[in-house]
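A quick write-up on the structure given underneath.
There are 2 protein chains.
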Amino acid sequence: MAKIDVGKYRNLRRVVGEGWINIHPIQRGGILPPESREALLSFGDGYSTCDICIEGRVDLVRTPPILEFASDLAKFLDMDEVRFTPGARGAKQAIFRSIANPGDTIVLDSLAHYTSYIAAEVNDLKVVEVPHGGYPEFRVNVDDYAAKIEEVKRQTGELPAAVLLTHVDYRYGNLSDAAKVGKIAKDYGVPYILNAAYTAGVMPVDGKRLGVDFLVCSGHKSWASSGPIGILATTYEFSGKVFRTSAIKGPWSGRAFLKKDVFLFGCPPVFGAPVATLMASFPHVVERVEHWDEEVEKVRWFVKEFERIKDFHQLGERPRQHTLVTFETPSFHKVSKKHERRGFFLYEELKKRKIAGVHAGMTKMIKLNTYGLGREQIQKVIDAFHEIARTYKVEVE
Amino acid sequence: MAKIDVGKYRNLRRVVGEGWINIHPIQRGGILPPESREALLSFGDGYSTCDICIEGRVDLVRTPPILEFASDLAKFLDMDEVRFTPGARGAKQAIFRSIANPGDTIVLDSLAHYTSYIAAEVNDLKVVEVPHGGYPEFRVNVDDYAAKIEEVKRQTGELPAAVLLTHVDYRYGNLSDAAKVGKIAKDYGVPYILNAAYTAGVMPVDGKRLGVDFLVCSGHKSWASSGPIGILATTYEFSGKVFRTSAIKGPWSGRAFLKKDVFLFGCPPVFGAPVATLMASFPHVVERVEHWDEEVEKVRWFVKEFERIKDFHQLGERPRQHTLVTFETPSFHKVSKKHERRGFFLYEELKKRKIAGVHAGMTKMIKLNTYGLGREQIQKVIDAFHEIARTYKVEVE
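Quick mapping for you: the protein sequence lines, in order, are chains A and B.
Quick note: the first sequence uses my numbering, first residue 12, plus one each step.
Quick note: the second sequence uses my numbering, first residue 12, plus one each step.
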């Protein structure tokens, strides 16, 4: 075996230090509260939630109370049954695998997360996109789901295998009307998947009220969980299909695995820290979704202050309905062109001020998330940007 | 929304306390060294390894040095290319998906992990099993791989899509001759998958030397990692196939995801704590595999001492070549029949002595793992069992 220099793996630490303000667009909802950091340490070892596993599947474990947790989660999401998955991406892959056949078509919004497209691709499905309205709001017109379902029917002779809506998208943070799509899907009798990766866990989401057949959530994105872990919630109508248990039998040995979920790796790879922290953060999450309005208020104030910088314009719908927000920032881009550190000047100016989460090297557009930050922290971020603007002779109103 | 009592999720702690001796068969190789517990805390939040993600895939991240790590891992395993997967189970599913078609047959050993069968089932593959020799050694006769390949060829007109060998199985801890299967697979030109979940990371495993096309490892099982995380290592011959990148294109938007791995969820759900702890433990793992001989010595001594208890017989091959070991223990089973706590008496007697990891309620057979325990700890386990035996009038020689 070749000699390997392992020195670089010693003392691994994150670049975002203690006390920093983190505005990373995909990280704000995944920050562990103190009680979950303790659970993380207790359940840090591999397979730690499997100490007392009688039935051979992580969602059936009673100590710690994962079985009860799955049932509480279903209630919390207003759905019938829940399983854990390797990320929201794993949930979408399993759903497509269980309800569609190769060659089928699914309809999704054109702001869907890349993992929705990949979940279709790995299952050999075709996708039809519901357009968005383009610059500057990029709104998906959810009424178009009906037209797209019709289009698929006309072109293939069959209804699409499913429609998928991204509740809040990761590019502009637009909140789409999930109930409206639920109504359309129901009218056509097409299964409806709601990707709630950026909504469930930070804001209230009631699956059945929205007419959802499959609700997909992300623990590391929006449930204050170490993860990676996803939540796949469905109704009794579909649970037998997507949570189908194994029917394979060893032809020589006769071995069978009757409790194992076929589309979820038998027992999904989320045991240990992912499910332990998801569970430890649940009380915190149940509490915090009640304060979503305050989060929306804060981001609207933030946008107003941010747009005082010359040529900073918020993209996506106005006013904000979500804390993930994108700005076009051509004035900073102009600065970067003359700066010796090019696009990295902004990243480095923020780093000096212990602010992390802006894409390193990027100045044309800035994407960030204010979720869970206090007003003083947000003020610090605003002040930092105003200061940086002035430093580089960009006007602040 | 229904009112949920979240009290039970507060102060979640593992049943295995500090200072306990843990002999759980699937946990010994997953225990974090102190330096990885520190990395776990630093990288505890969701998406923490994605602070500086330029290329949109976790194995391409340079800070922390994941890109370099993947390359060092390939060297360490004597393979060409490595990706991370949601557990070894995720690796097997991806391999089958990429090299087999629905209806194809694969050949596997009859001691294979259930996730190998499930990976076949989810991909609509048929399985043919290589038999084992039954009680008491349950050895897989690896020469039979040739006969089974022939059988598939005769019955289907085609070679199997792949053969899979479980390097060390999870039932008896038998070590199979991986190089011999490698030779057979090569002779027939059939892709060869080695499931090294219980070997790579605790003992030296050199993939190419064994003739392996796909090497599958488990971070939480055998790489001292919090996980869940798997390692999929392959050769240049197959890397383009199994690590195929996305070719899907949004028909309206033109969106494409050219760097995303189709069979690995675009970017595999292992970012954050799983890959951070796998990496932080790597120096420890590189060091520890050199001491495998000492581990084998210790388990052989353990078996000798354990079998001093009346009617305790080690199952699986003799002498031990792995630290995972199963015993039939009919004398303890007899005790359980008269005990008011039935089969739980053993679990509870051990708990009193701060020994964890024996399947609660089970006394007919005992499965455990001595990996990484010091001689004093192993002596304590032996003493505990001898003492329990004497308490219930089971003779100790």
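The C-beta atom is built at its ideal place from N, Cα and C for all residues, glycine as well.
Here the structure is a predicted model, which is why all the values come from computation and not from measurement.
CB of residue i within 8 angstroms of CB of residue j, strictly
i: residue 295 of chain B; j: residue 113 of chain B; result: no
i: residue 156 of chain A; j: residue 179 of chain A; result: no
i: residue 280 of chain A; j: residue 67 of chain B; result: no
i: residue 223 of chain A; j: residue 102 of chain A; result: no
i: residue 106 of chain A; j: residue 136 of chain A; result: no
i: residue 170 of chain A; j: residue 160 of chain A; result: yes
i: residue 292 of chain A; j: residue 367 of chain A; result: no
i: residue 209 of chain A; j: residue 333 of chain A; result: yes
i: residue 335 of chain A; j: residue 94 of chain A; result: no
i: residue 63 of chain A; j: residue 371 of chain B; result: yes
i: residue 287 of chain A; j: residue 50 of chain A; result: yes
i: residue 139 of chain A; j: residue 162 of chain A; result: yes
i: residue 277 of chain A; j: residue 177 of chain B; result: no
i: residue 142 of chain B; j: residue 263 of chain A; result: yes
i: residue 237 of chain B; j: residue 56 of chain A; result: yes
i: residue 23 of chain A; j: residue 75 of chain B; result: yes
i: residue 108 of chain A; j: residue 46 of chain B; result: no
i: residue 340 of chain A; j: residue 376 of chain A; result: yes
Partners in chain A for residue i, counting only beta-carbon separations shorter than 9 angstroms
i: residue 125 of chain B; result: 67, 257, 266, 268, 271, 277 and 278
i: residue 187 of chain B; result: The premise fails here: residue 187 of chain B is roughly 16 angstroms from chain A at the closest Cβ pair, so nothing lies under 9 angstroms.
i: residue 367 of chain B; result: 62
i: residue 330 of chain B; result: The premise fails here: residue 330 of chain B is roughly 25 angstroms from chain A at the closest Cβ pair, so nothing lies under 9 angstroms.
i: residue 149 of chain B; result: The premise fails here: residue 149 of chain B is roughly 11 angstroms from chain A at the closest Cβ pair, so nothing lies under 9 angstroms.
Beta strand (DSSP E) segment containing residue i, residue limits
i: residue 203 of chain B; result: 203–206
i: residue 94 of chain A; result: 92–96
i: residue 357 of chain A; result: Element bounds for residue 357 of chain A: not the beta strand (DSSP E) but the alpha helix (DSSP H), 355–363.
i: residue 325 of chain A; result: 324–326
i: residue 376 of chain B; result: 376–380
i: residue 244 of chain B; result: 241–245
i: residue 117 of chain A; result: 116–120
Span of the alpha helix (DSSP H) around residue i
i: residue 230 of chain B; result: 230–233
i: residue 317 of chain A; result: 303–317
i: residue 268 of chain B; result: Where residue 268 of chain B is concerned, there is no enclosing alpha helix (DSSP H), given that its DSSP letter is neither H nor E.
i: residue 396 of chain B; result: 386–402
i: residue 410 of chain B; result: Coverage of chain B is limited to positions 12 through 408, which leaves residue 410 of chain B absent and any answer about it impossible.
i: residue 197 of chain B; result: 189–199
Contact set for residue i: own chain, Cβ-Cβ below 6 angstroms, skip 5 residues either direction
i: residue 268 of chain B; result: 257
i: residue 313 of chain B; result: 381 and 389
i: residue 249 of chain B; result: 224
i: residue 183 of chain B; result: 149, 326, 327 and 337
i: residue 27 of chain A; result: 33 and 367
i: residue 61 of chain B; result: 282
i: residue 378 of chain B; result: 36 and 337
Proximal chain B residues relative to residue i, where beta-carbon distance stays under 9 angstroms
i: residue 287 of chain A; result: 23 and 25
i: residue 228 of chain A; result: Those do not exist, as residue 228 of chain A stays about 12 angstroms from chain B at its closest Cβ, beyond 9 angstroms.
i: residue 343 of chain A; result: Correct list: empty, because the minimum Cβ distance to chain B is about 19 angstroms.
i: residue 116 of chain A; result: Residues of chain B passing the Cβ test: none, with the nearest at roughly 10 angstroms.
i: residue 45 of chain A; result: Ordered by position in chain B, no residue passes the 9 angstroms Cβ test against residue 45 of chain A, which lies about 11 angstroms from the chain.
Residue i: contacting residues in chain B (beta-carbon distance under 7 angstroms)
i: residue 290 of chain A; result: 20 and 23
i: residue 302 of chain A; result: Within chain B, no residue comes near residue 302 of chain A; the closest Cβ sits about 15 angstroms away, beyond 7 angstroms.
i: residue 74 of chain A; result: 26
Under 8 angstroms by beta carbon: chain A residues contacting residue i
i: residue 42 of chain B; result: 56 and 57
Close beta carbons around residue i, own chain, < 7 angstroms, minus the five adjacent residues each side
i: residue 386 of chain B; result: 309
i: residue 90 of chain B; result: 218, 219, 226, 244, 245 and 246
i: residue 65 of chain B; result: none
i: residue 318 of chain B; result: 324 and 325
Under 8 angstroms by beta carbon: chain B residues contacting residue i
i: residue 379 of chain A; result: Residues of chain B passing the Cβ test: none, with the nearest at roughly 14 angstroms.
i: residue 121 of chain A; result: 261, 263, 264 and 266
i: residue 53 of chain A; result: 23, 24 and 25
Residue i: contacting residues in chain A (beta-carbon distance under 7 angstroms)
i: residue 83 of chain B; result: 15
i: residue 397 of chain B; result: In chain order: nothing, as chain A lies at least about 24 angstroms away.
i: residue 238 of chain B; result: 57 and 283
i: residue 158 of chain B; result: Per Cβ cutoff of 7 angstroms: no residues; residue 158 of chain B is ~12 angstroms from chain A at best.
Any C-beta of chain C under 8 angstroms from that of residue i
i: residue 274 of chain A; result: The structure shown has no chain C; the protein chains it does contain are A and B.
Cβ shell of residue i (< 8 angstroms), same chain only, five flanking positions each side left out
i: residue 197 of chain B; result: 203 and 222
i: residue 77 of chain B; result: 60, 69, 70, 71, 286 and 290
Review point. Using 8 angstroms as the Cβ pair cut-off and three pairs as the minimum, do the stretch 296–314 of chain B and the stretch 210–217 of chain B touch?
Key: yes
Exercise for review: Check whether the stretch 75–93 of chain B touches the stretch 323–334 of chain B, taking contact to mean three or more Cβ pairs, one atom from each stretch, closer than 8 angstroms.
Suggested key: no
Review point. Is the stretch 37–51 of chain A touching the stretch 229–236 of chain A in the sense that three or more CB pairs, one from each, lie closer than 8 angstroms?
Key: yes
Exercise for review: Answer yes if the stretch 182–196 of chain A comes into contact with the stretch 140–158 of chain A, meaning at least three C-beta pairs across the two stretches below 8 angstroms, and no otherwise.
Suggested key: yes
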